[in-house]
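Beneath this line is the structure, given in structure tokens, with notes to follow.
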Amino acid sequence: MRKVAVVGAGMTNFVRRALETPSELSFEATKNALDSCEMNLSDIEAVAHGSAPDAFDGIHQKGEYLSDGCGGWNKPTMRVYVGGGTGVHALVHGWYHVASGHVDTCVVVCEEKMSSALPHAQAFFLTIFDHTTERPLGPTLLWIFAMEMNRYMERYGYTKEDMALVAVKNKNQGAKHPASQFKKEVTLEEVLNSETMAYPVSRLDVSPVSDGAAAVVLASENVARRITNKPVWVEGVGWNLDTAYWATRDLYYPRYCEKAARMAYDMAGIREPDKQIDIAEPYDPFDYKALHHMEGLLLSPPGKTVDLLRDGHFDQDGNLPMCPSGGLLGVGNPIAAAGTMKICELFWQLRGEAGERQVPGVPRLGVAQAWGDLMQVSSVVVMGK
Amino acid sequence: MKRRVAIVGIGYAHLRSMSPEVSYREMVFEAATRCYRDAGGIHPSEIDAFVASSEDFMEGVSIADEYVPDQLGGVLKPVQSIAGDGLQGLAAAMMQLQTGEMDLAAASAFSKSSNILSKENIVSYACDPITVRPLEENPNFIAGLEMNRYLEETGTTRQQCAEVVAKNKTQALSNEYASYGAEIKAADITKSSPCFAPLHQLDISQDLDGAIVVLLASEEKARELNREPIWIKGIGWATDTPNLDSRISGWGTAEYAKLSARKAYQMAGIQCPRKEISLAEIDDTFSYKELQHLESLSICSPGEAGSQLEQGAFSNKGDFPVNLSGGNLGVGYLHEANGLQKLLEIVLQLRGEAGKRQLKDAHTGLAFSWRGIPTATGVTAVLSNRLS
Chain E
1 MRKVAVVGAG MTNFVRRALE TPSELSFEAT KNALDSCEMN LSDIEAVAHG SAPDAFDGIH
61 QKGEYLSDGC GGWNKPTMRV YVGGGTGVHA LVHGWYHVAS GHVDTCVVVC EEKMSSALPH
121 AQAFFLTIFD HTTERPLGPT LLWIFAMEMN RYMERYGYTK EDMALVAVKN KNQGAKHPAS
181 QFKKEVTLEE VLNSETMAYP VSRLDVSPVS DGAAAVVLAS ENVARRITNK PVWVEGVGWN
241 LDTAYWATRD LYYPRYCEKA ARMAYDMAGI REPDKQIDIA EPYDPFDYKA LHHMEGLLLS
301 PPGKTVDLLR DGHFDQDGNL PMCPSGGLLG VGNPIAAAGT MKICELFWQL RGEAGERQVP
361 GVPRLGVAQA WGDLMQVSSV VVMGK
Chain U
1001 MKRRVAIVGI GYAHLRSMSP EVSYREMVFE AATRCYRDAG GIHPSEIDAF VASSEDFMEG
1061 VSIADEYVPD QLGGVLKPVQ SIAGDGLQGL AAAMMQLQTG EMDLAAASAF SKSSNILSKE
1121 NIVSYACDPI TVRPLEENPN FIAGLEMNRY LEETGTTRQQ CAEVVAKNKT QALSNEYASY
1181 GAEIKAADIT KSSPCFAPLH QLDISQDLDG AIVVLLASEE KARELNREPI WIKGIGWATD
1241 TPNLDSRISG WGTAEYAKLS ARKAYQMAGI QCPRKEISLA EIDDTFSYKE LQHLESLSIC
1301 SPGEAGSQLE QGAFSNKGDF PVNLSGGNLG VGYLHEANGL QKLLEIVLQL RGEAGKRQLK
1361 DAHTGLAFSW RGIPTATGVT AVLSNRLS
């Protein structure tokens, strides 16, 4: 297998309501990524991009619409999607473009503009449900995640306060991110006292609605060494999709996440992920999800994750920093772009360029994960120096 | 050297204008079952990855990716969706095999267009929301404009475009999975009602339902399965700008076809496509598109496709048969599954399983699909029943 490196990364600010068009957001992220490694579009052989549902931007064949903003003009351009898992999956998509030998350089771009949906993007999530069995109930995503959160807490005796600790940690960490949607720190009381959306989910347990884009540049080994002396390698990738009939599953454990993680760890030759991984960027659209995914990623024993969290194990200076970027809770959640933001974060962290958010020591291996569809899919990428 | 990849199984189901008795999931299940059986009885648990090609709005589901795994047998497996043509999904599956991490991958696509109430309304949502959509026109006007430009630039005639329809619809009569075959003359086409001048109603392909599933294998796996493999010799895809006003090469040529073919020919080691390829299945969503694509795919020089067609070069008895299946005009328009229908026909022909329309001594075939109005994305695949 050919080795693939990430050689550049860039993103837009994550904001509630961007004035740029979706195509312009993609352009900005792509340009920032190319500028970061002093490359031009003419050096790029293919574009692998991702975006979650067309409904957010209100554009049919959104991938075609976004293509030239992504730099896909007169180039092989292909859009991938696995719902919320798209942002990390797009890196998998770019990885096989290069690892297969088809191209030597590839831009990976993810964009989402959720503010076009009026009055609120949440309404479009109604259309992700089964047209016969579920849509007639008028469900929202908050309902089903409330069920999952409840089941997860109930299984291990976790409390709402335990979960809120994640929101506090990530949101306060995110305030250090220059592209973050928030600049204000929150307290545990604020999270616990925020408005109930669908019990047990309160407003501040949830990541915000955002617009934004993020991009990275991939290169094959020989080309990467010419571009930078600090390439970050894609050591392993994995992805996995569970059944669409989510009501038939027990929700306390994300087995699809474990399967995707094992695939990535096997490829990376990792046997003891909890010991070998230095940085984790699990997907955290809701605070409980970060912990849920840490268990699925085999980075924390199920049922013991809150203890580790309370011990500071997952802090920026802990044994296994979790979401040093601030995650979706702290930086913002433009669905697909949020996953790619996690890839950007690993790139910056592993190169020691993460500024105020930099984890101490010399991190060697990081893992990023994104999740989506009907609580159903995970994409996992392991990156190393 | 890249790993070689072959098609070891293919299955299709419910290719017809309406399919009220099955849901799209049942349709894909049937196609997948046939595909796995065609590959010699593969159990889905043996397959390493699954790729589906789809577009949300045409399916009426957001994040349509959710509903992919169950009917393919891909639950708790690596599954992904490509928002693109079925041949782009095929390319994604092929690249996954070529990384060396996998040996068997399935690619699928379907069309349930009989569920769509107003296709043009949806397609208008693909047009630029600021510059084109506010015109509130049926987006097929873009095809009318492009056809006009193509005829003007190349000297191709309206009559020659009508001949494409007559050829493909007649050819479709010998294809059991084609829905729009007809014994029809070029004169009948121009007598049909005018739509988007210079297009007439019969110049436009009509929607079709159906599901197609393909199984790909690495070289080692293909030999192990001991099934006559069809090799994917080359594949290329390319996107020109979606903005109608900034296509640098103009509207007379299909730049996306040119670029995708260049890549595919190069990979397949093809110098002279007209001589080295036995037959082609080429997008003919609109009649003129077949001619424009033939020229952009370097099968003939610009302006020559029309006259060569009239001389019979692209008929079933010509030197370069095009759309023996009947093409989109004769078979129907399958949305994201269009490319896989073209692939299906090439695979059947190269295996010698194409029945009444079988071409003698076919060894190499070309499948080309386009993503329709208003896009400028095309995919070229070169397939062969021999390795060298």
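Those protein sequences? They're chains E and U, same order as listed. The numbering of the first sequence is the numbering used here, which starts it at 1 and goes up by one. The numbering of the second sequence is the numbering used here, which starts it at 1001 and goes up by one. By construction, the Cβ of each residue, glycine as well, lies at the ideal position given by its N, Cα and C atoms.
Query                                                                                                                                                                          : Result
Could you tell me the distance, in whole angstroms, from the CA atom of residue 1238/U to the CA atom of residue 167/E?                                                        : 43 Å
Per DSSP, which one or two residues make a beta bridge with residue 73/E?                                                                                                      : Residue 73/E is not bridged to any residue.
I'd like to know if the region 22-38 of chain E and the region 106-113 of chain E are in contact, where contact means that at least 3 CB-CB pairs between them fall below 8 Å. : yes
Going along the chain, which residues of its own chain have a beta-carbon closer than 7 Å to the beta-carbon of residue 1038/U, five neighbours each way excluded?             : 1009, 1010, 1011
Of the choices 71/E, 215/E, 164/E, whose alpha-carbon is the least far from that of residue 347/E?                                                                             : 215/E
Pair every Cβ in the region 47-54 of chain E with every Cβ in the region 68-78 of chain E, then say whether three or more of these pairs are closer than 8 Å.                  : yes
Kindly say whether residue 1088/U, judged by its beta-carbon, lies nearer than 7 Å to any beta-carbon of chain E.                                                              : yes
Does any residue of chain U bring its CB to less than 7 Å from the CB of residue 371/E?                                                                                        : no
What is the DSSP secondary structure of residue 239/E, counted as helix, strand or coil?                                                                                       : strand
I'd like the span of the beta strand (DSSP E) that includes residue 1142/U, first residue to last.                                                                             : Element bounds for residue 1142/U: not the beta strand (DSSP E) but the alpha helix (DSSP H), 1141-1154.
Just checking, does the region 173-182 of chain E make contact with the region 222-231 of chain E on the three C-beta pairs under 8 Å criterion?                               : no
Report buried or exposed for residue 1194/U, applying the criterion of at least 16 other Cβ atoms within 10 angstroms of its Cβ.                                               : exposed
Apply the 10 Å Cβ neighbour rule to residue 275/E and answer buried if 16 or more other Cβ atoms are within range, or exposed otherwise.                                       : exposed
Using the DSSP secondary-structure output, state which residues sit across from residue 369/E in a beta bridge.                                                                : 380/E
What number of angstroms, rounded off, separates the C-alpha of residue 15/E from the C-alpha of residue 211/E?                                                                : 5 Å
With three or more beta-carbon pairs closer than 8 Å as the criterion, would you say the region 1032-1049 of chain U touches the region 293-302 of chain E?                    : no
For chain U, check one thing: does any of its Cβ atoms lie closer than 7 Å to the Cβ of residue 133/E?                                                                         : no
Strictly under 7 Å for the Cβ-Cβ distance: is residue 204/E near chain U by that measure?                                                                                      : no
Which partner residues of residue 1007/U appear in the DSSP bridge assignment?                                                                                                 : 1216/U, 1230/U
Count the C-beta pairs between the region 276-286 of chain E and the region 322-330 of chain E that are closer than 8 Å, then say yes if the count reaches three, no if not.   : yes
In the DSSP output, what is residue 1104/U paired with across the bridge?                                                                                                      : 1217/U
7 Å is my cut-off, CB to CB: does residue 1202/U come that close to chain E?                                                                                                   : no
Cα-Cα, which of 257/E, 254/E, 313/E, 63/E is closest to residue 279/E?                                                                                                         : 313/E
Give the C-beta separation of residue 1234/U and residue 1265/U to the nearest angstrom, bearing in mind that I take them to be a contact with Cβ-Cβ under 8 Å.                : 6 Å
In chain U, which residues lie with their C-beta within 8 Å of the C-beta of residue 59/E?                                                                                     : 1125, 1126, 1129
How long is the line joining the alpha carbons of residue 1314/U and residue 1327/U, rounded to whole angstroms?                                                               : 12 Å
For residue 125/E, name the three-state secondary structure that DSSP assigns.                                                                                                 : helix
Is there contact between the region 1367-1381 of chain U and the region 1191-1207 of chain U, where contact requires at least three CB pairs shorter than 8 Å?                 : no
Between residue 208/E and chain U, is there a C-beta pair that is closer than 7 Å?                                                                                             : no
Are any of the Cβ atoms in chain E nearer than 7 Å to that of residue 1082/U?                                                                                                  : yes
To the nearest whole angstrom, what separates the beta carbons of residue 1024/U and residue 244/E, a pair I think is in contact under 8 Å?                                    : 12 Å between Cβ atoms; not a contact.
Does residue 91/E get closer than 7 Å to chain U when you measure Cβ to Cβ?                                                                                                    : no
Measuring alpha carbon to alpha carbon, tell me which residue in 108/E, 134/E, 61/E, 338/E is nearest residue 217/E.                                                           : 108/E
Out of 1059/U, 1094/U, 1139/U, state which residue places its alpha-carbon closest to the alpha-carbon of residue 1114/U.                                                      : 1059/U
Take the Cβ of residue 199/E as the centre, count every other Cβ of all protein chains shown within 10 Å, and call the residue buried at 16 or more, exposed below.            : exposed
Where does residue 1248/U land, buried or exposed, given buried means 16+ other C-beta within 10 angstroms?                                                                    : exposed
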